[in-house]
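Peer 1: The sequence shown: position 18 = 18 (UniProt numbering), numbered continuously.
C-beta atoms are modelled at their ideal positions from N, C-alpha and C, and glycine is treated no differently.
Bear in mind the structure is a predicted one, so any value in this text is a computation, not a measurement.
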Amino acid sequence: MSENELNQDNINNPVVKSNFIQSDSNNNINGIEKNLLPIRVISSSEQTLCDQQIALANKKKGRKRLYWADCARIFSTVSIIFLHCAGNGCEKTLLKRNDPTWKIICFYNCITRFGVPMFVLLSGTFILDPSKPFSFKKLFRHNILRLATAFSFWSTINALLNIFLYKKNKPLEFFKLFVVGEEYLWFIFMIIGCYLISPFLRFFSDDILLARYFLGLCVFWGSLIPTLKNIFHSYNMKEAETELDTWTSRWHYHFTLEFVGYFAAGYHIVKHVSIKSLKVRLILYLLGIVDVILIVYLTMSMETKYKKRYSKDFRDNYTLTVAFYTVVLFIFFKHEIGKINFSERAIKIISKLSSLTFGMYLSHMILKILLSRYFHIKQEEFLGIKFGAHIGCPIFCLSITILSLLISYILSKTPYLKSYVL
Numbered sequence: 001m002s003e004n005e006l007n008q009d010n011i012n013n014p015v016v017k018s019n020f021i022q023s024d025s026n027n028n029i030n031g032i033e034k035n036l037l038p039i040r041v042i043s044s045s046e047q048t049l050c051d052q053q054i055a056l057a058n059k060k061k062g063r064k065r066l067y068w069a070d071c072a073r074i075f076s077t078v079s080i081i082f083l084h085c086a087g088n089g090c091e092k093t094l095l096k097r098n099d100p101t102w103k104i105i106c107f108y109n110c111i112t113r114f115g116v117p118m119f120v121l122l123s124g125t126f127i128l129d130p131s132k133p134f135s136f137k138k139l140f141r142h143n144i145l146r147l148a149t150a151f152s153f154w155s156t157i158n159a160l161l162n163i164f165l166y167k168k169n170k171p172l173e174f175f176k177l178f179v180v181g182e183e184y185l186w187f188i189f190m191i192i193g194c195y196l197i198s199p200f201l202r203f204f205s206d207d208i209l210l211a212r213y214f215l216g217l218c219v220f221w222g223s224l225i226p227t228l229k230n231i232f233h234s235y236n237m238k239e240a241e242t243e244l245d246t247w248t249s250r251w252h253y254h255f256t257l258e259f260v261g262y263f264a265a266g267y268h269i270v271k272h273v274s275i276k277s278l279k280v281r282l283i284l285y286l287l288g289i290v291d292v293i294l295i296v297y298l299t300m301s302m303e304t305k306y307k308k309r310y311s312k313d314f315r316d317n318y319t320l321t322v323a324f325y326t327v328v329l330f331i332f333f334k335h336e337i338g339k340i341n342f343s344e345r346a347i348k349i350i351s352k353l354s355s356l357t358f359g360m361y362l363s364h365m366i367l368k369i370l371l372s373r374y375f376h377i378k379q380e381e382f383l384g385i386k387f388g389a390h391i392g393c394p395i396f397c398l399s400i401t402i403l404s405l406l407i408s409y410i411l412s413k414t415p416y417l418k419s420y421v422l
């Protein structure tokens, strides 16, 4: 087809019109009409479709799923279940009867202390991203409402079990049991609190200097000061402990305490912390391992020194030791697990498991009590078979993990419940 025929086709096309621009203005003067360039004018419907496709592509590109974060969430969930299987009740019991396996249980307890802080880091990673649209309607009707309904559902179940199955409370106490909830449900209140202040945190989450200033305050007031208090308490430095308590009380400072530091740090690490040097990362991981060893050693030392006294002075959620351990592990997932090119099958499994983790957390303590009371499955027993807690705790954890996963999966397939209780 000749150029003239092509131009003519463009002109006669009812959908696609063509204009012609004269390439040389002197050609008009000389009456010579040549070198005409065809320009395709896109119809309004085509332009709209094109814009939609570009917007969709940019949206998908900007919101690529972080599968390493899903892996971290799954790992943290299992660690929390393991922590509660090797919890203070089990450790205290072994300490009281001078059972040497208490050291192994203490080790289990110490190495799983990152679980809840990791959950909070992951929560902040997504909700504090300023590039994602924010509205108070979504915050309250989606994020907070879902947490509130989840609390209501599981708190109701716990209250009914305490009244009618365990016979621990009277029916008239239902309202009190429902409102307060079981101890492990504190996590929901804490996350709701973080969500309530998230609109303020979003304002500076991409301001590196301001964000690091805020995190510095969190480290000082939220980790360093509590760690110093614990050290003074552990080594019977009563005068120093009293002076520090007096000094901190006079500040009346509460702005950056407890879990808000983890919540703000999650997004900051993901977006603004990139350690490209493998050597630096390996040194960081080595320090993390040393930190875990330090947690275990100091905790065992305290419990050996003060016999039969459970100590969490160096393994509490706010201590510098646990904070450092958690952040290093978070960086490991981001940099090392984040490099893995998962297969489509693996992605489906990881995504599904990740979506079930909250339900696993909410149901695991109910299962722990039921299995212990009625099925002879606990730290030192499995279906009537007796063994040491150092063997029983992993088996107990595995049993609860499988059953909580099954319950969460069933709820995820149940209409209405899947949207409000998981």
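Flag this pair as yes or no: are the beta carbons of Lys413 and Phe396 separated by less than 9 angstroms?
Peer 2: As a position in the sequence shown, residue 413 is number 413, starting the count at 1. As a position in the sequence shown, residue 396 is number 396, starting the count at 1. No, the pair does not count as a contact, with Cβ atoms beyond the cut-off.
Peer 1: Do Leu224 and Leu320 have their beta-carbon atoms positioned less than 9 angstroms apart in this structure?
Peer 2: The count along the sequence shown starts at 1 and reaches residue 320 at position 320. The count along the sequence shown starts at 1 and reaches residue 224 at position 224. It is a contact, given that the beta carbons lie within the stated cut-off.
Peer 1: Three Cβ pairs or more, each shorter than 8 angstroms: is that satisfied between the stretch 396–412 and the stretch 355–371?
Peer 2: Yes, the stretch 396–412 touches the stretch 355–371.
Peer 1: Helix, strand or coil, according to DSSP, for Lys312 in the structure here?
Peer 2: Reading the sequence shown from its first residue, position 312 is the one you call residue 312. If DSSP states are grouped into helix, strand and coil, Lys312 belongs with coil.
Peer 1: Using 8 angstroms as the threshold, is the stretch 254–261 in touch with the stretch 211–224, meaning 3 or more CB pairs across them?
Peer 2: yes
Peer 1: Hey, would you say Phe140 sits closer than 9 angstroms to Lys132, going by beta carbons?
Peer 2: For this step, residue 140 is matched to residue 140 along the sequence shown. For this step, residue 132 is matched to residue 132 along the sequence shown. No.
Peer 1: Applying the 10 Å Cβ sphere with the 16-neighbour rule, what's the burial state of Asn158?
Peer 2: Locating residue 158 in the sequence shown gives position 158, counting from the first residue. Asn158 counts as buried, since no fewer than 16 other beta carbons sit within 10 angstroms of its beta carbon.
Peer 1: Can you tell me which residues form a DSSP beta bridge with Glu381?
Peer 2: Taking the sequence shown and counting its residues from 1, one reaches residue 381 at position 381. According to DSSP, Glu381 bridges with Lys378 and Lys386.
Peer 1: Tell me the rounded alpha-carbon separation between Asn98 and Tyr285.
Peer 2: For the purposes of this step, residue 98 is taken as the residue at position 98 of the sequence shown. For the purposes of this step, residue 285 is taken as the residue at position 285 of the sequence shown. When rounded, the distance between both Cα atoms is 35 angstroms.
Peer 1: How close, in whole Å, do the beta carbons of Arg146 and Tyr420 come, if the pair is a contact with beta carbons under 8 angstroms?
Peer 2: On the sequence shown, position 146 is the one that residue 146 refers to. On the sequence shown, position 420 is the one that residue 420 refers to. Yes, they are in contact, since the Cβ atoms of Arg146 and Tyr420 sit about 6 angstroms apart, within 8 angstroms.
Peer 1: What is the DSSP secondary structure of Gly87, reduced to helix, strand or coil?
Peer 2: On the sequence shown, residue 87 is found 87 positions in, with the first residue counted as 1. If DSSP states are grouped into helix, strand and coil, Gly87 belongs with coil.
Peer 1: Drop a sphere of 10 angstroms on the beta-carbon of Phe114, count the other beta-carbons inside from all chains shown, and report buried for 16 or more, exposed for fewer.
Peer 2: Translated into the one-based positions of the sequence shown, residue 114 becomes position 114. Within 10 angstroms of the beta-carbon of Phe114 lie 16 or more other beta-carbons, which makes it buried.
Peer 1: Where Thr246 and Leu417 are concerned, what is the direct C-alpha to C-alpha distance, given to the nearest angstrom?
Peer 2: Here residue 246 is taken as the residue at index 246 of the sequence shown, counted from 1. Here residue 417 is taken as the residue at index 417 of the sequence shown, counted from 1. So the two alpha carbons sit approximately 49 angstroms from each other.
Peer 1: With a cut-off of 8 angstroms on the beta carbons, I'd call Phe151 and Ile188 a contact; round off their distance for me.
Peer 2: Translated into the one-based positions of the sequence shown, residue 151 becomes position 151. Translated into the one-based positions of the sequence shown, residue 188 becomes position 188. About 5 angstroms; that satisfies the 8 angstroms criterion.
Peer 1: For Arg315, does the count of other Cβ atoms within 10 angstroms reach 16, so buried, or fall short, so exposed?
Peer 2: For this step, residue 315 is matched to residue 315 along the sequence shown. That one is buried.
Peer 1: Run through DSSP, which three-state label would Glu182 get?
Peer 2: Indexing the sequence shown from 1 puts residue 182 at position 182. Here Glu182 sits in coil by DSSP.
Peer 1: On a CA-only basis, which of Lys334, Phe75 and Trp154 is nearest Asp65? Give me that one, please.
Peer 2: Stepping through the sequence shown from its first residue, residue 65 is reached at position 65. As written in the sequence, residue 65 is Arg, which differs from the Asp given in the question. It is Lys334 whose Cα lies nearest to the Cα of Arg65.
Peer 1: Ordered along the chain, which non-local residues of its own chain (more than five positions away) have a Cβ less than 7 angstroms from that of Pro130?
Peer 2: Your numbering for residue 130 matches position 130 in the sequence shown. So the qualifying residues of the chain are Arg202, Ser205 and Asp206.
Peer 1: Please state the DSSP three-state secondary structure of Met237.
Peer 2: Along the sequence shown, read from residue 1 onward, the residue named residue 237 stands at position 237. Coil, per DSSP.
Peer 1: With a floor of 4 residues, list each alpha helix (DSSP H) that falls wholly inside the stretch 238–284, ordered by position along the chain.
Peer 2: You should have 238–251 and 260–272.
Peer 1: Just to check my reading of the structure: Gly359 and Leu411 have Cβ atoms closer than 8 angstroms, yes? What is that Cβ distance to the nearest angstrom?
Peer 2: For the purposes of this step, residue 359 is taken as the residue at position 359 of the sequence shown. For the purposes of this step, residue 411 is taken as the residue at position 411 of the sequence shown. That pair is a contact at about 6 angstroms.
Peer 1: On the CB-based measure, 16 or more other CB atoms within 10 Å of its CB, does Tyr297 come out buried or exposed?
Peer 2: Along the sequence shown, one-based indexing puts residue 297 at 297. Under this definition Tyr297 is an exposed residue.
Peer 1: Could you pull out every residue in the same chain whose Cβ sits closer than 7 angstroms to the Cβ of Ile105, ignoring the five residues on either side in sequence?
Peer 2: For this step, residue 105 is matched to residue 105 along the sequence shown. Excluding residues up to 5 positions away in sequence, Ala86, Cys90, Glu91, Leu94, Ala389, His390 and Cys393 lie with their Cβ nearer than 7 angstroms to the Cβ of Ile105 in the same chain.
Peer 1: Can you give me the C-alpha to C-alpha distance between Lys238 and Asn230, rounded to a whole angstrom?
Peer 2: Taking the sequence shown and counting its residues from 1, the one referred to as residue 238 is at position 238. Taking the sequence shown and counting its residues from 1, the one referred to as residue 230 is at position 230. The straight-line gap from Cα to Cα measures roughly 11 angstroms.
Peer 1: For Ser79, which of Ala346, Phe174 and Thr112 has the nearest alpha-carbon?
Peer 2: Walking along the sequence shown from the start, residue 79 turns up at place 79. Ser79 has its Cα closest to that of Thr112, out of Ala346, Phe174 and Thr112.
Peer 1: Can you tell me where the alpha helix (DSSP H) holding Phe151 begins and where it ends?
Peer 2: What you label residue 151 is simply residue 151 of the sequence shown in a count that begins at 1. From DSSP, the alpha helix (DSSP H) with Phe151 extends over Leu145 to Leu160.
Peer 1: I need the DSSP call for Val421, collapsed to helix, strand or coil.
Peer 2: Translated into the one-based positions of the sequence shown, residue 421 becomes position 421. Coil.
Peer 1: Quick check: the Cα distance between Phe75 and Ser277, rounded to an integer number of angstroms?
Peer 2: What you label residue 75 is simply residue 75 of the sequence shown in a count that begins at 1. What you label residue 277 is simply residue 277 of the sequence shown in a count that begins at 1. Answer to the nearest angstrom: the Cα atoms are 25 angstroms apart.
Peer 1: Between Val322 and Gly288, which are expected to be in contact by the criterion C-beta below 8 angstroms, what is the C-beta distance as a whole number of angstroms?
Peer 2: Here residue 322 refers to the residue found at position 322 of the sequence shown. Here residue 288 refers to the residue found at position 288 of the sequence shown. Val322 to Gly288, Cβ: 11 angstroms. No contact.
Peer 1: Which residue's Cα is closest to the Cα of Ala148: Thr242, Met190, Tyr325 and Pro415?
Peer 2: One-based indexing of the sequence shown puts residue 148 at position 148. Looking at the Cα atoms, Met190 is the closest of the given residues.
Peer 1: What span of residues does the alpha helix (DSSP H) with Pro117 cover, start to end?
Peer 2: Counting from 1 along the sequence shown, the entry for residue 117 is found at position 117. Segment Gly115 to Ile127, the alpha helix (DSSP H) holding Pro117.
Peer 1: Among the residues of its own chain, which have a CB less than 6 angstroms from the CB of Thr256, if the five just before and after it don't count?
Peer 2: Here the question's residue 256 lines up with position 256 in the sequence shown. Contacts found: Leu217, Cys218, Trp221 and Gly222.
Peer 1: Keeping to the same chain, check which residues put their C-beta closer than 7 angstroms to that of Lys308; ignore five residues upstream and five downstream.
Peer 2: Position 308 of the sequence shown, counted from the start, is the residue given in the question as residue 308. Closer than 7 angstroms at the Cβ level, and outside the excluded window around Lys308, lie Leu95 and Lys96.
Peer 1: So the alpha helix (DSSP H) Thr321 belongs to, where does it begin and stop?
Peer 2: What you label residue 321 is simply residue 321 of the sequence shown in a count that begins at 1. Leu320 to His335 is the span of the alpha helix (DSSP H), which, as asked, contains Thr321.
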